[in-house]
């Protein structure tokens, strides 16, 4: 559908009637997803409006790209079709901070920073630090299952969600989970929605469990000569009694690999932890360093229009072997890399090279290495021209038929993000 | 079931894997919820995933309903057989297949018990965190099916947090590997969806799970109060002070009496007992524990004891974990409920429970996970007295409605099963329930896996015993009921 045609057509009139004409605007080139240009941007003001939009689009055969802060639009395959962007920007309120219960109910379009600021007033936090919190929204973080450096302590974002409200393509608004920390009533549809890249429904509201803000924080860094030594140190820390809120490996050169660790707690215990850390580290010296190192993941995405950024999920004990395979290969192929790996085994990697052909080759090599280790590799961002040559998610093994059936049950008309998710979903 | 089918099943699992005698079948007529009983047509105990697959394929061909069962400790009737169906027990598949300590991963067969996992990794300082009270006997597959919790989930989370991969057999006999050993597998989180599906999606044949390092120090503080409300206020103040205890448990007078009678836990003689467990680095626990005592005292605690050593700690927990069963000592019959409320609603809801209990003329013992607002009211009654069982059931139902009205849930860890399916519409709208059914049909389009459970409108042909019926082995003097 071209923009010139769109404003007077039936879809435009129907959608205006649902959200109000002032909340439907023509799309601009900035609204394109992987160079697929939508006609308009719909901005509903309630979950019911979201549901009505979905139902109408389903009946009219129009496709929808749900969008929060737009920080992760590079994730996924190129959409087969993108008629409208559905922006959650008006659903941006913190509904209820039940601080006595350590829970918060928040609309999907609320940014992570706004949410954190509200709950911090009572000394609490959402135990997650996704990238670009000033722009990233609750809904976007949930749809992409983005997790940061705090995961090693507080778990993945899925572990912090107590309940969700979702609008489905059939026009219903459903509730999954609840508002209490423990709840096993019915199927856990929250798990299904989290990480589904908006292909089953649109998350409109979430309830999170919260954690207390820890009073004191300290970050330490050690430089190691090889990735294998860094891995050994990380494994020793994982096997220790240390209580940390971040554990990360970062490397830009094969002979300079850093291990970062963050302690949080009461001031007296930080000293105690540091003393224990030094005993574990032995000859490797840890020094006090700035907390900025926890922004390394986010920095990977700065000026990265021609870069490939991928996420390799391996076991903690495989990070060293992954690096050992990659580093010499990158050197020979003249590929610059930055690796930021969490102690959980989630490694993010930025690759830069003179040509896309080189990037494709190194990516192919990396994928085969990760496969060999039994892990998975997802391309989180790359130039759109590369997307036509690969599936950014890699192969999903024997669960794909089941996933296709689930998609069919929830979005039979394939109106939500068609083609962006695994296996053509 | 006709003889031809029985012999076909026998050819798959052999004599050791098949139970068909009327007396033996009665062992499987109920799970931990003894209120409902259905004798299955056949019980199958496969020894391998291959046998499991063959059994399921046969059931699929004949459209025979299947009910998977672990140790049968569930408290909501999730493993209650279905009339005309088979029960498939996973208890013979009980090997620990792989322990990977550097990565804190363990791969087990479905019939391995919860405690066996911890026992296998404990010498190296690790443990498996979810700890339902039945952990010594309950199986990991049962835990996965029910998304089991325990006393320590306030800090450590429930089963779903720890499950990375599942090998399952779907109702048509397809064997699938969902998830894996690494995190964040691309695609829908079908493992997360499977956990807590109460056996309605398929049967588990292998589980990959995460273990965690034991904390350096664990200390439990016991505080005696004159009322549960005072103990509840202490819980709120502990949390408000920024602490994050591993567990906070409250037992009321009746529950304490029962626990005392059963295991002689040597608890203080009080109206409400609060247990607060802190764990973590030694220095931090020492310092924080110094604050817990005074907070409790401010809220009215008149006796405080600290258990620092492992044996002392075990003694404290023994009484708590035995509490449900112990109630059998002070009442001939009882119903266990599992409602959850926002923690701040605790004083109000407890007051209401007292009022409802007085109105019904029945005693209610309270044991609860106070940190996460998970109540376990035990409604005490005597089945021999006409009308008491009905009154007890009505009272238990009223308590659940109270929990939902307070913004909570009808079950925190026991599951819906047979018992609470009629309450699903109290918590969920028709659209919510419809979405759940869609998911179910993606896994099991023919409704063969544990049909009739979890959702209203399905009849399991349940028999409620009118009076206590002793098991034949009890009549033969081989077992004793207490």
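Residue numbers (my numbering), protein chains in the order written: chain A, 154 to 578; chain B, 27 to 508. Even glycine gets a Cβ: it sits at the ideal position worked out from N, Cα and C.
Curious, which full-length alpha helix (DSSP H) runs of at least 4 residues does the stretch 252-305 of chain B contain? Qualifying alpha helix (DSSP H) stretches, in chain order: 254-266, 279-289.
Just to confirm my understanding: we take residue 167 of chain B, look at its own chain, exclude 5 residues before and 5 after, and list those with CB closer than 6 angstroms. What are they? One-based indexing of the second chain puts residue 167 of chain B at position 141. So the list reads 96, 116, 136, 230, once near-sequence residues are dropped.
Can you tell me whether residue 429 of chain A is buried or exposed, with buried defined as 16 or more other CB within 10 angstroms of its CB? The sequence position of residue 429 of chain A within the first chain is 276, counting from 1. Counting every other CB atom within 10 Å of its CB across the protein chains shown gives residue 429 of chain A a total of 16 or more, marking it as buried.
Please list the residues of the stretch 383-399 of chain A that have a C-beta atom closer than 9 angstroms to any C-beta atom in chain B, keeping them in chain order. Taking 9 angstroms as the Cβ-Cβ cut-off, the stretch 383-399 of chain A approaches chain B at 388, 391, 392, 393, 394, 395, 396, given in chain order.
Excluding the 5 residues preceding and the 5 following residue 557 of chain A in the sequence, name in chain order all residues of the same chain whose CB lies nearer than 8 angstroms to its CB. For the purposes of this step, residue 557 of chain A is taken as residue 404 along the first chain, with counting starting at 1. Correct list, in chain order: 576, 578.
Would you identify the three-state DSSP class for residue 316 of chain A, choosing helix, strand or coil? On the first chain, residue 316 of chain A is found 163 positions in, with the first residue counted as 1. DSSP places residue 316 of chain A in strand when its eight states are reduced to three.
In whole angstroms, what separates the C-alpha of residue 93 of chain B from that of residue 316 of chain A? Taking the second chain and counting its residues from 1, one reaches residue 93 of chain B at position 67. Taking the first chain and counting its residues from 1, one reaches residue 316 of chain A at position 163. Going by C-alpha positions, residue 93 of chain B is about 29 angstroms away from residue 316 of chain A.
Run the CB neighbour count on residue 279 of chain A, radius 10 Å, all protein chains shown included, and call it buried at 16 or more, exposed below. By 1-based counting over the first chain, the position of residue 279 of chain A is 126. Residue 279 of chain A is classed as buried because its beta carbon has at least 16 other beta carbons within 10 Å across all chains shown.
By DSSP, does residue 2 of chain B sit in helix, in strand, or in coil? Shown here, chain B extends from 27 to 508; a query on residue 2 of chain B therefore has no answer.
Counting only C-beta atoms, is residue 42 of chain B closer than 9 angstroms to chain A at any point? Position 16 of the second chain holds residue 42 of chain B. Chain A, which has no Cβ nearer than 9 angstroms to the Cβ of residue 42 of chain B, makes this no.
Buried or exposed for residue 89 of chain B, please, with buried defined as at least 16 other CB atoms from any protein chain shown within 10 angstroms of its CB. To locate residue 89 of chain B, count along the second chain from 1; it is residue 63. Answer is exposed; the Cβ neighbour count stays below 16.
Determine the extent of the beta strand (DSSP E) in which residue 386 of chain A is found, giving its start and end residues. As a position in the first chain, residue 386 of chain A is number 233, starting the count at 1. Under the DSSP assignment, residue 386 of chain A falls outside any beta strand (DSSP E), being part of the alpha helix (DSSP H) whose first and last residues are 380-391.
Below 8 angstroms between beta carbons is the criterion; list the residues of the stretch 154-188 of chain B that meet it against any residue of chain E, in chain order. Absence of chain E from the displayed structure is noted, the protein chains being A and B.
If we ignore side chains and look at the alpha-carbon of each, how far apart do residue 496 of chain A and residue 402 of chain A end up? Position 343 of the first chain, counted from the start, is the residue given in the question as residue 496 of chain A. Position 249 of the first chain, counted from the start, is the residue given in the question as residue 402 of chain A. Each residue's Cα considered, the two are about 8 angstroms apart.
What number of angstroms, rounded off, separates the C-alpha of residue 128 of chain B from the C-alpha of residue 192 of chain A? Position 102 of the second chain, counting from 1, holds the residue named residue 128 of chain B. Position 39 of the first chain, counting from 1, holds the residue named residue 192 of chain A. Those two C-alpha atoms are separated by around 52 angstroms.
Min CB distance residue 209 of chain A to chain B below 9 angstroms: Numbered from its first residue, the first chain carries residue 209 of chain A at position 56. No, residue 209 of chain A lies away from the interface with chain B (no Cβ there is under 9 angstroms from its Cβ).
Chain-order list of residues whose beta-carbon lies under 8 angstroms from that of residue 269 of chain A (same chain, five-residue window excluded): Against the first chain, residue 269 of chain A aligns to sequence position 116. Result list for residue 269 of chain A: 278, 279, 286, in chain order.
Where the beta strand (DSSP E) containing residue 400 of chain B begins and where it ends: On the second chain, residue 400 of chain B is found 374 positions in, with the first residue counted as 1. First-last of the beta strand (DSSP E) with residue 400 of chain B: 400-407.
Going by beta carbon distance, what residues of the same chain come within less than 6 angstroms of residue 562 of chain A, once the five residues before and after it are set aside? Counting from one through the first chain, the residue named residue 562 of chain A turns up at place 409. Counting only Cβ-Cβ distances below 6 angstroms, and skipping sequence neighbours, we find nothing.
Indicate whether residue 141 of chain B and residue 156 of chain B have their beta-carbon atoms separated by less than 9 angstroms. Taking the first residue of the second chain as 1, we reach residue 141 of chain B at position 115. Taking the first residue of the second chain as 1, we reach residue 156 of chain B at position 130. Cβ atoms of residue 141 of chain B and residue 156 of chain B: not closer than 9 angstroms.
Compile a chain-ordered list of the residues in the stretch 103-136 of chain B whose CB is closer than 9 angstroms to at least one CB of chain A. Hits within the stretch, in order: 126, 127, 128, 129, 130, 131.
Exposed or buried, what is residue 181 of chain A when buried is set at 16 or more other beta-carbons lying within 10 Å of its beta-carbon? One-based indexing of the first chain puts residue 181 of chain A at position 28. Exposed: under 16 other Cβ atoms inside 10 Å.
The stretch 239-247 of chain B / the stretch 383-400 of chain A touching (three or more Cβ pairs under 8 angstroms): The stretch 239-247 of chain B vs the stretch 383-400 of chain A: in contact.
Using a 10 Å radius around the Cβ and a threshold of 16 neighbouring Cβ atoms, would you call residue 82 of chain B buried or exposed? Counting from one through the second chain, the residue named residue 82 of chain B turns up at place 56. By the neighbour-count criterion, in which 16 or more other beta carbons inside 10 Å mark a residue as buried, residue 82 of chain B falls on the buried side.
For residue 197 of chain B, would you say it is in contact with chain A, using Cβ-to-Cβ distances shorter than 9 angstroms as the test? Residue numbering aside, residue 197 of chain B sits at position 171 when the second chain is read from its first letter. Cβ-Cβ to chain A under 9 angstroms: no for residue 197 of chain B.
Between which two residues does the beta strand (DSSP E) carrying residue 179 of chain A extend? For the purposes of this step, residue 179 of chain A is taken as the residue at position 26 of the first chain. Counting along the chain, residue 179 of chain A sits inside the beta strand (DSSP E) bounded by residues 177-179.
Reduced DSSP secondary structure (H/G/I, E/B, other) of residue 250 of chain A: Residue numbering aside, residue 250 of chain A sits at position 97 when the first chain is read from its first letter. Note: residue 250 of chain A maps to strand in three-state DSSP.
Separation of residue 163 of chain A from residue 346 of chain A, as counted between CA atoms: Translated into positions along the first chain, residue 346 of chain A becomes position 193. Translated into positions along the first chain, residue 163 of chain A becomes position 10. Roughly 31 angstroms between the two C-alpha positions.
Which one of B:264, B:416, B:459, B:161 has the shortest CA to CA distance from residue 255 of chain A? Working through the first chain from its first residue, we reach residue 255 of chain A at position 102. Looking only at B:264, B:416, B:459, B:161, the smallest Cα-Cα distance to residue 255 of chain A is reached by B:264.
Starting from the C-beta of residue 411 of chain A, find all residues in its chain whose C-beta is less than 6 angstroms away, skip the five residues before and the five after it, and write them out in chain order. Mapped onto the first chain, residue 411 of chain A falls at position 258. Here the set comprises 374, 376, 403.
Measuring alpha carbon to alpha carbon, tell me which residue in B:379, B:288, B:464, B:153 is nearest residue 353 of chain B. Along the second chain, one-based indexing puts residue 353 of chain B at 327. It is B:288 whose Cα lies nearest to the Cα of residue 353 of chain B.
If we define contact as Cβ-Cβ less than 9 angstroms, is residue 334 of chain A a contact residue for chain B? Position 181 of the first chain, counted from the first residue, corresponds to residue 334 of chain A. Any Cβ of chain B closer than 9 angstroms to the Cβ of residue 334 of chain A would place that residue at the interface, and such an atom is present.
Burial state of residue 183 of chain B, where buried means 16 or more other Cβ atoms lie within 10 Å: Position 157 of the second chain, counting from 1, holds the residue named residue 183 of chain B. With 16 or more other Cβ atoms within 10 Å, it is buried.
In angstroms with no decimal places, state the Cα-to-Cα distance between residue 293 of chain B and residue 248 of chain B. Here residue 293 of chain B refers to the residue found at position 267 when the second chain is read from its first residue. Here residue 248 of chain B refers to the residue found at position 222 when the second chain is read from its first residue. If I take the Cα positions, the gap works out to 8 angstroms.
Minimum C-alpha distance to residue 527 of chain A - residue among A:475, A:544, A:534, A:485: On the first chain, residue 527 of chain A is found 374 positions in, with the first residue counted as 1. Residue A:475 is the option with its Cα nearest to residue 527 of chain A.
Which same chain residues end up closer than 7 angstroms to residue 381 of chain A when comparing Cβ atoms and leaving out the 5 residues on each side of it in sequence? Here residue 381 of chain A refers to the residue found at position 228 when the first chain is read from its first residue. 473, 477.
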